[in-house]
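Here's the structure, in structure tokens; my notes come after.
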Amino acid sequence: MPEGHTVHRLARTFTDLFGHQALDVTSPQGRFAAGAALICGHTLVASEAWGKQLFLGFAPPSPSPTETPDPTAWLRIHLGLYGAWTFSTDGSTAVVHAIGAPRRRIGERETTLPGQDVGPFGGVWVPPEPRGAVRVRLRGAHAVADLTGPTACEVITPAEKAAVEARLGPDPLRPDGGHASVDAAREAFVAKVRRSRVSAGQQLMDQSVIAGVGNIYRAEALFRAGLDPLRPGRDVDAGTLRALWDDVLGLLHDGVAHGAIVTTRPEHRGIDESPVPQPPGRRRTRQNGDGAPGAVPEDQSLYVYHRDGLPCRVCGTPVLTKDLAGRSLYWCPACQR
DNA sequence: GCTGCATGATGAG
DNA sequence: TCATCCTGCAGCA
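Residue numbers (the working numbering): 5 to 341.
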């Protein structure tokens with residue numbers, strides 16, 4: 005799944021492509037037909053992310069176009085493991101993203117797309133047919149967004165949105181961390197981790213502890229912190245956790261900026277040409293970034309995630325993996341204590 | 001063509 | 001801890 009950085013990028017993309025527009029909302033697949041009808045024709049007036057949750061705020065068309073009304077309904081989306089948004093535009097919008105699940109499809113890379121077909125009457129844009137099981141299609145003046153495979157897709161009230169947010173931990177990417185202040189958000193994270201004997205690795209994946217961290221950022225941030233993922237939270241000193249929060253913030257921020265997760269420092273890249281053969285059929289991190297020129301190559305972006313059996317980029321010790329609460333954990337047993 | 005996997009979360013036992 | 005849900009695609013035969 006997209007981790008927090010991706011969802012924040014998505015929130016921005018929705019503002020760019022659809023902000024202040026009355027949207028046609030449909031469910032080509034049919035499973036969301038009732039929900040779509042609730043907001044169809046309403047105006048997108050807000051687009052927010054909190055951790056991995058995306059909230060699109062809608063209000064009935066306003067008689068006063070100069071004023072942005074508060075949302076009366078929110079579309080809550082959680083992409084889960086497989087969810088993805090695919091965007092198409094009429095070409096008038098410079099950049100389009102296709103953001104979501106860890107896979108690549110034609111038209112799903114983050115690139116500038118050529119203009120779509122011109123309609124039969126000239127200049128009338130005809131969006132492409134929905135491809136696959138499209139739960140929701142949002143259509144604005146110049147773009148469509150198709151959603152497939154979400155874990156959550158529902159229309160909720162402002163009160164229900166508040167209830168969802170109340171269950172989430174602080175999100176480093178939110179301006180105030182989702183708390184009274186960034187400092188309060190960080191201290192809430194530190195305190196919660198230290199309150200429990202559950203391992204640091206498991207707690208980092210707990211969205212009520214810190215929102216937005218997924219399996220890649222977990223593995224990478226713990227490596228960069230030199231912290232053993234299996235160490236009980238209560239045994240990690242507060243300073244280490246504060247530094248961990250700050251590092252996660254930086255990594256997420258870079259992820260938002262570049263659309264890719266890159267955690268390696270320059271001096272630790274380019275050393276993968278080791279004699280260690282890649283096992284055949286080895287699963288690898290799939291979509292991560294846009295392959296832009298100058299971008300860090302995918303096989304040099306990460307320290308430990310999906311690198312089990314390969315030598316640690318820092319000390320050469322083979323990277324280990326282990327199932328932890330149903331998710332694969334990766335770490336260097338020598339660097340992480 | 002078929003199978004297993006994936007950057008996730010939830011509910012039951 | 002397990003089963004389950006959501007979907008597309010890579011890796012096979």
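Virtual Cβ for every residue (Gly too), placed ideally from N, Cα, C.
Measuring only the C-alpha atoms, how far is Asp150 from Arg135? Taking the straight line from one Cα to the other gives about 8 Å.
Would you be able to state if there are at least three C-beta pairs under 8 Å between the stretch 244 to 259 and the stretch 181 to 194? Because the criterion of three Cβ pairs below 8 Å is met, the stretch 181 to 194 and the stretch 244 to 259 touch.
Is the beta carbon of Pro175 less than 8 Å from the beta carbon of Trp54? This sequence places Asp at residue 175; Pro is not what is there. Contact annotation: Asp175 and Trp54 have beta-carbon atoms nearer than 8 Å.
Is it buried or exposed, Ala163, if we count other Cβ atoms within 10 angstroms and call 16 or more buried? Burial call: exposed.
Residue range of the beta strand (DSSP E) that Leu60 falls in? Note, Leu60: beta strand (DSSP E), 57 to 63.
Cβ pair Thr93, His146 closer than 8 Å: The answer is yes: Cβ separation under 8 Å.
Tell whether a beta-carbon distance below 8 Å holds between Thr47 and Ser68. Going by C-beta atoms, Thr47 is not nearer than 8 Å to Ser68.
Nearest-angstrom Cα separation, counted from Leu58 out to Glu158: Each residue's Cα considered, the two are about 11 Å apart.
Does the beta-carbon of Ser185 have 16 or more other beta-carbons within 10 angstroms, so that it is buried, or is it exposed? Classification for Ser185: exposed.
With a 10 Å radius around its C-beta and 16 neighbouring C-beta atoms as the bar for buried, classify Ala77 as buried or exposed. Its Cβ being crowded by 16 or more others within 10 Å, Ala77 is buried.
Can you tell me where the beta strand (DSSP E) with Trp78 in it begins and where it stops? Per DSSP, Trp78 belongs to the beta strand (DSSP E) from 77 to 82.
Between Pro154 and Trp89, what straight-line distance do the alpha-carbon atoms span, to the nearest angstrom? Straight-line measurement puts the Cα of Trp89 at about 9 Å from the Cα of Pro154.
Pull the bridge partners of Arg141 from the DSSP assignment, please. Per DSSP, Thr30, Asp150.
Which of the three DSSP states, helix, strand or coil, is assigned to Thr244? Helix.
Buried or exposed: which applies to Val130, given that a residue is buried once 16 or more other Cβ atoms fall within 10 Å of its Cβ? Residue environment for Val130: exposed (fewer than 16 other C-beta atoms within 10 angstroms of its C-beta).
Given Ala299 as reference, the closest of Arg273, Asp251, Gly205 once Cα atoms are compared: Residue nearest to Ala299 within the set Arg273, Asp251, Gly205 is Arg273 (criterion: CA-CA distance).
Got a sec? Which residues, its chain only, sit under 7 Å from Gln304 by beta carbon, not counting five neighbours each side? If the five residues before and after Gln304 are omitted, its C-beta is found closer than 7 Å to the C-beta atoms of Thr268, Arg273, Gly274, Asp276, all from its own chain and listed in chain order.
Euclidean distance between Cα positions of Val252 and Ala225: Note on geometry: alpha-carbon atoms of Val252 and Ala225 lie some 6 Å from one another.
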